[in-house]
Every structure is written in C-alpha cells, then in structure tokens.
Amino acid sequence: SQTIHQWPATLVQPVGSPLSLECTVEGTSNPNLYWYRQAAGRGLQLLFYSVGIGQISSEVPQNLSASRPQDRQFILSSKKLLLSDSGFYLCAWTRGPSRQYFGPGTRLTVT
Amino acid sequence: KQEVTQIPAALSVPEGENLVLNCSFTDSAIYNLQWFRQDPGKGLTSLLLIQSSQREQTSGRLNASLDKSSGRSTLYIAASQPGDSATYLCAVLMDSNYQLIWGAGTKLIIKP
Chain A
1 SQTIHQWPAT
11 LVQPVGSPLS
21 LECTVEGTSN
31 PNLYWYRQAA
41 GRGLQLLFYS
51 VGIGQISSEV
61 PQNLSASRPQ
71 DRQFILSSKK
81 LLLSDSGFYL
91 CAWTRGPSRQ
101 YFGPGTRLTV
111 T
Chain B
112 KQEVTQIPAA
122 LSVPEGENLV
132 LNCSFTDSAI
142 YNLQWFRQDP
152 GKGLTSLLLI
162 QSSQREQTSG
172 RLNASLDKSS
182 GRSTLYIAAS
192 QPGDSATYLC
202 AVLMDSNYQL
212 IWGAGTKLII
222 KP
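These protein sequence lines map, in sequence, to chains A and B.
Position one of the first sequence corresponds to residue 1 (the working numbering), numbered consecutively onward.
Position one of the second sequence corresponds to residue 112 (the working numbering), numbered consecutively onward.
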C-alpha cells in the first residue's frame, strides 16, 4: 500500500531563517506531487506541483521554492522566511487523474 | 476560470440526522469531482471520487452525487454521528491537467 510522509510535523522558525520541508511517498512510482499551504481559517492554496523528477511548476510567486531530487521525494524550501509564510503545509500525491492522497502536514510558525 | 463554491460554510446538527452538503462549480468540463474530509490540524482524507461520466458514488453512510450539466454535487451523510464532525471539502479536476480546484469547505459539527 502507498504511504506519504512529511517532516517535521511542527516547526517554529524566526523571520529571515531558511526552511526545508520534506515529503516522501512509498509504494508507488512516478507520482504527481503537490505542495499546498493552508493559512488559518482559509482554503487550500496550491504552491507547486511536479509531474516528474526535476519538473516543477509554480502556481504562486513568492519566496518559496520546490525541488524533486528523486522520483518520490518532494522538498519545499525558502532562503528567508517571512511572517506571512506561517501556515499548515500539506504534501499530496496522485497517479494521473485519480484520487489525491495527502500527508499529515507540517505546522509552520514564523516568529 | 473554474470556481468551486460550497454552501453552507458551517453546519451544526444534532446526532442522528441525515444531512446534505452542497458543492457547485462554474465550468462543467470537469474530469472528476472529489470529496475530502479534514479533521482539525490534520491532513485531508479522500472520501469519494466521482468520474464525470458517473452520477453517484457510495461509501458506507456517505453518498455523493454529481450533476455535471448543472454544475452541482451533493454529499449526503446518513445517520450522522459526532465522529463525522470535520471540515468537508470538494474539489474538481479539470481536463488536460492534474490540478484540483478547491472549494472553501463546509465545517460540520454533530452535537451528541
């Protein structure tokens, strides 16, 4: 069966510090991978998606970036965090136009 | 541009009631529609997926219907329980890409 992992589960970082969030998927190959952000009391915002290694599409211009160094690994990064980067970050995967499966999320608080 | 709307934004009902959550979309050229559940502070759980050619899908006490031509889907929850309390989100997948377009969700509270 397929599983999706995210870490860390929670993170508190000062403004201006770097960020690295990791997502890995097990039990499938060549998944489409997604990073979402959910701000407090708001809906899901798609940040990045990837259909293959090294292929990243950005939906929202911001100080965040994403990379996919391996088939089942998706990384969200920032060189300098802003207060507005606080939120709940969710990674998801799908195989083609089928159900989308989500990880447990990372709660990021920028102080 | 596709827009997905969920009504109501919040709903509180006593335990045992049957209830309906609504989802509407502006562009009927969808590939499929998915319903998800999110518990506070948790990730999303996929509940049901309805292909554009289907009219409904059922899983246990959940039944989702799709009227593609009118741009509407409903999630029917039978015999509601306090454990059903969560936020329910619908999302549509458009043809030609694998990006979901999301509704804002309905926050459901089932009172014991």
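By construction, the Cβ of each residue, glycine as well, lies at the ideal position given by its N, Cα and C atoms.
As the structure is a computational prediction, the values presented were derived from the model and not from experiment.
For a contact meaning CB atoms closer than 9 Å, what does residue i contact in chain A?
i, result
"residue 142 of chain B", "97"
"residue 145 of chain B", "99, 100"
"residue 157 of chain B", "99, 100, 101, 102"
What residues from chain A crowd round residue i, counting only those whose CB sits closer than 8 Å?
i, result
"residue 153 of chain B", "104, 105"
"residue 160 of chain B", "98, 99"
Check the Cβ of residue i against every Cβ in chain A and list those closer than 7 Å, keeping chain order.
i, result
"residue 210 of chain B", "46, 49"
"residue 204 of chain B", "97"
How many whole angstroms separate the CB atoms of residue i and residue j, which I take to be in contact at a CB cut-off of 8 Å?
i, j, result
"residue 145 of chain B", "residue 160 of chain B", "5 Å"
"residue 117 of chain B", "residue 134 of chain B", "5 Å"
"residue 213 of chain B", "residue 200 of chain B", "6 Å"
"residue 158 of chain B", "residue 170 of chain B", "7 Å"
"residue 60 of chain A", "residue 70 of chain A", "At roughly 24 Å, the Cβ-Cβ gap does not stay under 8 Å, so residue 60 of chain A and residue 70 of chain A are not in contact."
Tell me, which residues are paired with residue i by DSSP?
i, result
"residue 218 of chain B", "B:121, B:198"
"residue 212 of chain B", "B:203"
"residue 68 of chain A", "According to DSSP, residue 68 of chain A bridges with nothing at all."
Give me the chain B residues within the contact set of residue i, using Cβ-Cβ distance strictly less than 9 Å, ordered along the chain.
i, result
"residue 87 of chain A", "Near residue 87 of chain A there are no residues of chain B at all, since even the closest Cβ is about 12 Å away, more than 9 Å."
"residue 43 of chain A", "200, 213, 214, 215, 216"
Note down, in chain order, every chain B residue with its Cβ under 7 Å from the Cβ of residue i.
i, result
"residue 32 of chain A", "209"
Any 3 or more C-beta pairs closer than 8 Å across the region 93–105 of chain A and the region 49–58 of chain A: Here the region 93–105 of chain A does not lie against the region 49–58 of chain A, with fewer than 3 beta-carbon pairs under 8 Å apart.
Stretch-stretch touch, CB-based, cutoff 8 Å, three pairs: the region 8–25 of chain A with the region 177–197 of chain B: no
Contiguous alpha helix (DSSP H) assignments of at least 4 residues, all confined to the region 18–50 of chain A: none
Continuous beta strand (DSSP E) assignments of at least 3 residues falling wholly in the region 116–187 of chain B: 121–125, 130–136, 141–149, 155–162, 167–170, 173–178
contact_flag[the region 26–46 of chain A, the region 126–136 of chain B] where n(CB pairs < 8 Å) is 3 or more: no
Meets three-Cβ-pair contact criterion under 8 Å: the region 36–44 of chain A and the region 77–92 of chain A: yes
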